[in-house]
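Participant: Residue numbers (numbering that gives the first Met the number 0): 0 to 175.
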Amino acid sequence: MNSNDLEKVLFTEEQIQKRVTELAEEIDNTYNGSPIFLVCILKGSTPFTVDLMKRLKSDVYLDFMAASSYGSGTTSMGQLTMTKDLTVDITGKDVIIVEDIIDSGNTLSRLLQYFQSRNPKTLTLCTLLDKPDRRVVHDVVVAYTGFVIPDKFVVGYGLDWDQRYRNLPYIGFVEE
């Protein structure tokens, strides 16, 4: 890892953890003890999902899905590639899709259609980062947002640039 690629730290580890705690409280208030089915969208949202899950007071069920609209570049390609599907039935469950970042909205728009076809009781989005300036799909409604960020490419806390920087405990801008 070459730290020279990073322009600056956007959110420190402490800021991230504080916000994750606040999001867990918001979710607990909404679901009021009802079981929650978290779907972690691999790979970028893994640290966020784990930290969020540890703070939730409700019973939490967890599964993983791998889907992306990025190749090895820094912009969405607009085409969804799904490489891992859920292993359990979500019919009748309160499902929260946990995503690392919402950029164009292409990936989540397609994922929402896919999930709706599986008949969950409720379907909600939770994202660590939202980049509204890049949104091209406007029907994606996010119930829980960690941080709204400017149109910069970010890495750290699970977010990568061609598989690099995921292990950083903070989130920073990449110098392109």
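For every residue, glycine included, the Cβ atom is placed at its ideal position computed from N, Cα and C.
1) Looking at the structure shown, is residue 109 part of a helix, part of a strand, or coil, going by DSSP?
2) Could you please give the first and the last residue of the uninterrupted beta strand (DSSP E) stretch that includes residue 95?
3) Does the region 93 to 104 touch the region 1 to 21, meaning 3 or more C-beta pairs lie closer than 8 Å?
4) Run the CB neighbour count on residue 88, radius 10 Å, all protein chains shown included, and call it buried at 16 or more, exposed below.
5) Would you report the Cα separation of residue 0 and residue 39, rounded to the nearest angstrom?
6) Work out the CA separation of residue 161 and residue 125 for me, nearest whole Å.
7) The alpha helix (DSSP H) spanning residue 50 covers which residue range?
8) Which runs of the alpha helix (DSSP H) at least 4 residues long sit entirely within the region 108 to 155? Give them in chain order.
9) Compute the beta-carbon to beta-carbon distance between residue 35 and residue 55, rounded to the nearest angstrom, for a pair I have assumed lies under 8 Å.
10) If you reduce the DSSP assignment to three classes, tell me which class residue 37 lands in.
11) Would you decide whether residue 91 is buried or exposed? Buried here means 16 or more other CB atoms lie within 10 Å of its CB.
12) Would you list the residues sitting across from residue 170 in a DSSP beta bridge?
13) Might you give, ordered along the chain, the residues of its own chain that have their beta carbon closer than 6 Å to the beta carbon of residue 165, omitting 5 neighbours on each side?
14) Whole angstroms is fine: what's the gap from residue 121's alpha carbon to residue 65's?
15) By how many angstroms is the C-alpha of residue 153 removed from the C-alpha of residue 95?
16) Just confirm the distance between the C-beta atoms of residue 171 and residue 9, as a whole number of angstroms; I'd bet it's less than 8 Å.
Facilitator: Let me lay it out:
1) Residue state, collapsed to three classes: helix.
2) Where residue 95 is concerned, the enclosing beta strand (DSSP E) stretches over 93 to 101.
3) Taking a cut-off of 8 Å for Cβ pairs, the region 1 to 21 and the region 93 to 104 do not touch, as fewer than three such pairs fall below it.
4) By the neighbour-count criterion, in which a residue is buried when 16 or more other Cβ atoms sit within 10 angstroms of its Cβ, residue 88 is exposed.
5) Here the model assigns residue 0 a pLDDT of 43, short of 50, so the residue's position is not dependable, and the following value carries that caveat. Cα to Cα, residue 0 sits roughly 25 Å from residue 39.
6) Cα to Cα, the separation comes out at about 24 Å.
7) Unbroken alpha helix (DSSP H) run through residue 50: 45 to 54.
8) For the region 108 to 155, not a single whole alpha helix (DSSP H) run of length 4 or above is found.
9) About 7 Å separates the two Cβ atoms, so the contact holds.
10) Here residue 37 sits in strand by DSSP.
11) Label assigned to residue 91: exposed.
12) Beta-bridge pairing links residue 170 to 10.
13) For residue 165, where only same-chain residues beyond five positions count, the Cβ hits under 6 Å are 157, 159.
14) Computed Cα separation, rounded: 21 Å.
15) Rounded to the nearest angstrom, the two C-alpha atoms are 23 Å apart.
16) With a beta-carbon spacing of about 6 Å, residue 171 and residue 9 fall inside the 8 Å limit used to define contacts.
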